[in-house]
Amino acid sequence: MVKKNDDLQKENVDLRAKIAELKEREEWFLMKMNCTNRNLKEMEDGFALKMEQYKNKEDWNELEMEDLRLEMEDLRVKMEEVEANNVQLRVKVEEVEAKNVGLRKRLKEEVEYGKKLVNVLIAMVVLLLGIGVFVCLGAKGMSKKKMLALP
Numbered sequence: 001m002v003k004k005n006d007d008l009q010k011e012n013v014d015l016r017a018k019i020a021e022l023k024e025r026e027e028w029f030l031m032k033m034n035c036t037n038r039n040l041k042e043m044e045d046g047f048a049l050k051m052e053q054y055k056n057k058e059d060w061n062e063l064e065m066e067d068l069r070l071e072m073e074d075l076r077v078k079m080e081e082v083e084a085n086n087v088q089l090r091v092k093v094e095e096v097e098a099k100n101v102g103l104r105k106r107l108k109e110e111v112e113y114g115k116k117l118v119n120v121l122i123a124m125v126v127l128l129l130g131i132g133v134f135v136c137l138g139a140k141g142m143s144k145k146k147m148l149a150l151p
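So that you can map any letter, position 6 of the sequence shown is 6 in UniProt numbering, and since no number is skipped, the others follow by simple counting.
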């Protein structure tokens, strides 16, 4: 019985040593788990932050795209207005060109009429000069034959 008691005490000491060792391992494991959990939590927080940043960037990109769409729509409207103005300007240019053709034709007619008037005036001046010469020469007593023979 004594031997059994010593064996039991020895077994009890061994078991207590194993329990102490298991407790140390448990504490080490819990410490590692705590560190791992902290690291996982930090990683989750970091991932959540990255996802939030990504979502914010995605939202920002979406806003920029909407701004670009609106800008493009404004540019389309302006281009349509410019095209409408160009059509109106082309019509006005055609009207002005038609008026110019009429004015050029009228100017050409006026120039031709002016040339005819100048020719008539030259003829009248020549005629008046001739009459003046005849009158002057006739006043000096020249006969018609002598006057007609003058160069």
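Ideal placement from N, C-alpha and C gives every residue a C-beta, glycine not left out.
Remember, predicted model here, so these are calculated numbers, not experimental data.
One alpha carbon belongs to Met79, the other to Glu64, and they sit about 22 angstroms apart. In its chain, beyond the 5 residues on either side, no residue has a beta carbon closer than 6 angstroms to the beta carbon of Glu71. Going by C-alpha positions, Arg76 is about 38 angstroms away from Lys50. The straight-line gap separating the alpha-carbon atoms of Met31 and Asp45 is approximately 20 angstroms. Positions of the beta strand (DSSP E) runs, each at least 3 residues long and wholly inside the segment 68–107, cannot be given because no such run exists. Beyond the five residues adjoining it in sequence on each side, Asn39 comes within less than 6 angstroms, by CB distance, of no other residue in the same chain.
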